[in-house]
Amino acid sequence: MDIEAFRKAGYKAIDDICDYYYSLQEKSVVSNVKPGYLAELVPSEPPVKGEPFQNIANDYQKLIVPGLTHWQHPSFFAYYPTACTFEGMLGDLYASSASNPGFNWYASPACTELEVIVMDWAAKLLGLGPAFWNSSGVGGGCIQSTASDAALIAIVAARSLYQRTHPDVELDKLVIYTTTQTHSLGLKAGLILGLQVRALEVTSGDKFGLRGETLRKALEADTKAGKHPFILVATVGTTSSGAVDNLAEIKTVAVKYPSLWIHVDAAWAGVAMVCPEYREQCYLQDINDIAHSFCTNFHKWGLVNFDASTLWVRDRKYLTEALDVTPPFLRTAEGDAGRVIDYRNWHLALGRKFRSLKFWFVIRSYGIEGFQKYIRQSISLNESFAEKISQSKHLEHVTPPSFALSVFRLVPKLDSQRVFTLDELNGLNKQYYARISSRKDIALTQTVLNGVSCIRLAVGAAQTTKEHIEKASALLNEEAEEALKVWLETSSSGQSPN
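Here the working numbering is used: the first residue of the sequence shown is 15, the next is one more, and so on.
This is the structure we're talking about:
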């Protein structure tokens, strides 16, 4: 493909993308294809001769689009929102046009220097204090691929620091602390690093957030048993329930354990801190006081296209001491003099994408006010949905709504005043969710909170309006009535309803 052919194909691609977004609301939210569908349509061998590009583009529309789950659909309420703005798309396009691996400053100065700047912009957007700014010369931020990578990097740095300050402690004595609501990133880091992971219990009475007393008892018990807790992965807005760990109480405990690294995973909810009214709920002041590292994903609720996870650290030297490998062929005069940041030493990989460009495009285009408007709109829509749940005959919240997330279940209110067991309710809700998940016009996900089967609805698609929330509410109530009807009929016939 030469330059002019690229120009023509590029115009057509933009047209196709625009048409896709114009038609998004008419599409099914989830795909109708069956597993293995693509292998039946695509040859098993690569072509011997090159094909016309238009044929390839046509096959994208014919073969690939039908197999997509449309996360930007206004009726997509599953998992969490995923950002996909046009500004982000264009930033990605420009970045891919100058494919720089960006492993050090010399590889492409603009890649490094723009990341230094936009990470400070993003820190200020969220209210993170100067200790986390790159301009501090001590702490700073770096764009990662995912929150799982960010947590793994923080744990590697924390482990390295603990080993240097406690050289006689064996690795099998080290313990990573999470909670029973922490994302699987904690367990996965333990698997990768071969370290123990202890998930501290949280309760519905505490909205599934970690309390200081729970942490204190665990630290005392493990220390007495000869174990060495070296990092706590605290969460602001868990994926499952939207829980927020009580960082104010954690702070009072952590003061007595100065070797305990506090990593705050705010992958989904952290971007809410762009709105001053949500900063207290997110424990921003305590994050600024005690967090050694902080992560939030702009590619979820932050308008920047995947991948765009942000990690800030209070002291960058703990990253570089743990991760710096600089063979002669990577040495530069600027790096040796300490005049520049070489971001390869802030994460596991050597090469890295020019992700800061899409941050720059999106932040400049939306501005602080645009970010705030989007976050407030998402939360307002969830509040509207939560009100519908409160008014529902058979649906109820399992835990209070959290930002733009509601978690609920079906609990029948029958004239007979029949009392249902937990097993019965769980079985009924599994059937209820099976009905919902079989639909193609809406997408939600399920979860289990301390043994209670329930359903999640997460708002965040940019095109979602109050009309879509009202439609979702009506649909969920209708499916609840049908699920209950079938369940009761099955139960009265003597068959097992589960």
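Cβ coordinates follow ideal geometry from the N, Cα and C atoms, glycine included.
Beta bridge pairing from DSSP links I157 with T324. Restricting attention to beta strand (DSSP E) runs no shorter than 3 residues, the segment 203 to 279 encloses them at 210 to 214, 242 to 249, 275 to 279, ordered along the chain. Under the three-state reduction of DSSP output, P342 falls in the helix class. Within the DSSP secondary-structure output, F67 pairs in no beta bridge.
For the 8 Å CB-CB criterion, I469 and R432 do not form a contact. Counting along the chain, C309 sits inside the beta strand (DSSP E) bounded by residues 307 to 311.
In the three-state scheme derived from DSSP, where H, G and I count as helix and E and B as strand, A457 is classed as strand.
In the three-state DSSP reduction, S110 falls in the helix class (H, G or I). Following the DSSP letters along the chain, one finds P415 in no alpha helix (DSSP H) but inside the beta strand (DSSP E) bounded by residues 409 to 416. For I469, there is no enclosing alpha helix (DSSP H); the residue is part of the beta strand (DSSP E) that begins and ends at 466 to 472.
Look at the beta carbons and you see the segment 395 to 406 not touching the segment 115 to 124: under three pairs across the two are nearer than 8 Å.
Three or more Cβ pairs closer than 8 Å define a contact, and the segment 96 to 107 falls short of that threshold against the segment 351 to 359. Out of Y93, V56, S42, the CA that lies nearest to the CA of H87 is found in S42. Taking C-beta atoms as the reference points, W315 and P95 count as a pair closer than 8 Å.
With contacts defined by Cβ atoms closer than 8 Å, T253 and G226 do not form a contacting pair.
Per DSSP, Y51 has no beta-bridge partner at all. With the rule of 3 Cβ pairs closer than 8 Å, the segment 303 to 322 does not count as touching the segment 339 to 350.
For the pair of segments examined, the segment 207 to 217 was found not to touch the segment 442 to 460: the number of CB pairs separated by less than 8 Å stays below three. With a 10 Å radius around the Cβ and a threshold of 16 neighbouring Cβ atoms, R369 comes out buried. Sixteen is the threshold: since fewer than 16 other Cβ atoms of the shown chains lie within 10 Å of the Cβ of N46, the residue is exposed. Assignment of beta-bridge partners to Y191 by DSSP yields R212, L246. With a contact defined as Cβ atoms closer than 8 Å, A351 and I304 miss out at about 33 Å. Between L214 and Y191, the C-beta gap is smaller than 8 Å, which places the two residues in contact. Counting only runs of at least 4 residues, the segment 112 to 185 fully encloses the following alpha helix (DSSP H) elements, listed from N- to C-terminal order: 123 to 140, 161 to 179.
The segment 240 to 256 makes contact with the segment 178 to 193, as at least three CB pairs between them are under 8 Å. Taking a cut-off of 8 Å for Cβ pairs, the segment 322 to 340 and the segment 158 to 166 touch, as three or more such pairs fall below it.
Sequence-distant partners of H482 (beyond 5 residues in either direction) whose C-beta falls short of 7 Å from its own C-beta, in its chain, are P88, S89. Its Cα nearest to that of F312, the residue A137 stands out among A137, D33, P414, S58. In the assembly as shown, E129 is a buried residue. Its beta-carbon has 16 or more other beta-carbons within 10 Å. Per DSSP, the continuous alpha helix (DSSP H) segment holding S506 begins and ends at 480 to 506. Under the three-state reduction of DSSP output, S394 falls in the helix class. Taking a cut-off of 8 Å on C-beta distances, the segment 231 to 239 does not touch the segment 169 to 182, as fewer than three cross pairs fall below it. Ranked by Cα distance from V132, the first of V376, F20, G365 is V376.
Between S218 and L463, the C-beta spacing is below 8 Å. Counting other Cβ atoms within 10 Å of its Cβ, I393 reaches 16 or more and is therefore classed as buried.
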